[in-house]
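One structure is given below, encoded as structure tokens.
Residue numbers (the working numbering), protein chains in the order written: chain C, 5 to 112; chain Z, 25 to 114.
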């Protein structure tokens, strides 16, 4: 089992409740494919530093999980098709830092 | 004597000045790597405050000869800056 961090950006025009159902969908997908979600952070609505596909803002979510290569394969396969996502990034880390949070959720 | 004085004042100013891509490096041989050592901050693509110090105004990565970051840490830096760019954090 390896440790991974996964960040994804959801389009702004989706309502906030809707974005939570999307994140739950991917958490289930990780848990199904021999993975285990440890923590989910919500960074909230943030301005993008530059335009991506004509989007100015996006909902940021950050998932820390354990899993294998197959977990990621399935996860990214599903995300590549998803139209509601702007971008995602998976990073492998040696050890999870579950305490420190760099982003606070802003009310806007 | 005069030269020595000048050199010292240069070094003092250096700390407060914002790093620039084209600046002359006066105190190159005195500076230690700011990211190595025991209490150094962790280089991470989420730590934007830290990463912002090592890019120029136009968003380019500053060379290590300007910032005097060690080779190992410079590699980490450039990798995490590129990750942050991908997520539109920088």
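Think of the CB as a built atom: it goes at the ideal place given N, C-alpha and C, for glycine as much as any other residue.
**Where the beta strand (DSSP E) containing residue 81 of chain Z begins and where it ends** = The residue given as residue 81 of chain Z occupies position 57 in the second chain. Taken as a continuous stretch (DSSP letters only), residue 81 of chain Z belongs to no beta strand (DSSP E), as it is neither H nor E.
**Inter-residue spacing [alpha-carbon to alpha-carbon] between residue 101 of chain C and residue 113 of chain Z** = The count along the first chain starts at 1 and reaches residue 101 of chain C at position 97. The count along the second chain starts at 1 and reaches residue 113 of chain Z at position 89. Roughly 20 Å separates the two Cα atoms.
**Prompt:** Under the rule that 16 or more other beta-carbon atoms within 10 Å means buried, what is residue 87 of chain C, buried or exposed?
**Reply:** On the first chain, position 83 is the one that residue 87 of chain C refers to. Answer is exposed; the Cβ neighbour count stays below 16.
**CA-to-CA distance, residue 12 of chain C to residue 82 of chain C, given in whole angstroms** = As a working mapping, residue 82 of chain C is identified with position 78 in the first chain. As a working mapping, residue 12 of chain C is identified with position 8 in the first chain. Near 13 Å, if we compare the C-alpha coordinates of residue 12 of chain C and residue 82 of chain C.
**Item:** Nearest neighbour of residue 27 of chain C, chosen from C:53, C:51, C:68 [CA to CA]
**Value:** Indexing the first chain from 1 puts residue 27 of chain C at position 23. Minimum Cα distance to residue 27 of chain C is reached at C:68.
**Proximal residues of chain C, C-beta to C-beta of residue 76 of chain Z below 7 Å** = Translated into the one-based positions of the second chain, residue 76 of chain Z becomes position 52. Under a criterion of Cβ atoms nearer than 7 Å, no residue of chain C is adjacent to residue 76 of chain Z; the nearest Cβ is some 11 Å distant.
**Item:** First and last residue of the uninterrupted alpha helix (DSSP H) at residue 44 of chain C
**Value:** Sequence index remark: in the first chain, residue 44 of chain C carries index 40 (1-based). Run containing residue 44 of chain C: none in the alpha helix (DSSP H); it sits in the beta strand (DSSP E), 40 to 56.
**Contiguous alpha helix (DSSP H) assignments of at least 4 residues, all confined to the stretch 52 to 101 of chain C** = Fully enclosed alpha helix (DSSP H) runs of 4 or longer: 73 to 85.
**Prompt:** Expressed to the nearest angstrom, what Euclidean distance is found between the alpha-carbon atoms of residue 84 of chain Z and residue 53 of chain C?
**Reply:** Counted from its first residue, the second chain places residue 84 of chain Z at position 60. Counted from its first residue, the first chain places residue 53 of chain C at position 49. Rounded to whole angstroms, residue 84 of chain Z to residue 53 of chain C spans 14 Å at the Cα level.
**Prompt:** What's the C-alpha gap between residue 97 of chain Z and residue 57 of chain C?
**Reply:** By 1-based counting over the second chain, the position of residue 97 of chain Z is 73. By 1-based counting over the first chain, the position of residue 57 of chain C is 53. When rounded, the separation of the alpha-carbon atoms in residue 97 of chain Z and residue 57 of chain C is 33 Å.
**Prompt:** Checking contacts by CB at 9 Å: is residue 48 of chain C closer than that to chain Z?
**Reply:** By one-based count along the first chain, residue 48 of chain C stands at place 44. It does not: the Cβ of residue 48 of chain C has no partner Cβ on chain Z nearer than 9 Å.
**Request:** Could you check the C-alpha separation between residue 91 of chain C and residue 109 of chain Z for me, to the nearest Å?
**Result:** Stepping through the first chain from its first residue, residue 91 of chain C is reached at position 87. Stepping through the second chain from its first residue, residue 109 of chain Z is reached at position 85. A direct Cα-Cα distance of roughly 11 Å separates residue 91 of chain C from residue 109 of chain Z.
**Request:** Please classify residue 99 of chain Z: is it buried, with 16 or more other beta-carbons within 10 angstroms of its beta-carbon, or exposed?
**Result:** Counted from its first residue, the second chain places residue 99 of chain Z at position 75. With fewer than 16 other Cβ atoms within 10 Å, it is exposed.
**Message:** Does the CB of residue 89 of chain Z have a neighbour CB from chain C at under 9 Å?
**Reply:** As a working mapping, residue 89 of chain Z is identified with position 65 in the second chain. Taking Cβ atoms only, chain C never reaches closer than 9 Å to residue 89 of chain Z, which makes this a no.
**Message:** Using only the alpha-carbon positions, how far apart do residue 112 of chain C and residue 55 of chain Z sit?
**Reply:** Within the first chain, residue 112 of chain C is the residue found at index 108, counting from 1. Within the second chain, residue 55 of chain Z is the residue found at index 31, counting from 1. The pLDDT assigned to residue 112 of chain C is 49, lower than 50, so where the model puts this residue is not dependable; a value taken from the coordinates is nonetheless given after this. Using only the alpha carbons, I get a separation of about 43 Å.
**Prompt:** How many Å lie between residue 38 of chain C and residue 75 of chain C at the Cα?
**Reply:** Position 34 of the first chain, counting from 1, holds the residue named residue 38 of chain C. Position 71 of the first chain, counting from 1, holds the residue named residue 75 of chain C. Using only the alpha carbons, I get a separation of about 7 Å.
**One or two residues paired with residue 11 of chain C in a DSSP bridge** = One-based indexing of the first chain puts residue 11 of chain C at position 7. Answer by DSSP bridge pairing, in chain order: C:66, C:93.
**Request:** Compare the C-beta of residue 62 of chain C with all C-beta atoms of chain Z and state if any pair is closer than 9 Å.
**Result:** Position 58 of the first chain, counting from 1, holds the residue named residue 62 of chain C. Yes, its Cβ sits closer than 9 Å to a Cβ of chain Z.
**Request:** In the DSSP assignment, find the alpha helix (DSSP H) that holds residue 104 of chain Z and state where it starts and stops.
**Result:** Looking up residue 104 of chain Z in the second chain gives position 80. In the DSSP assignment, residue 104 of chain Z falls within the unbroken alpha helix (DSSP H) covering 95 to 110.
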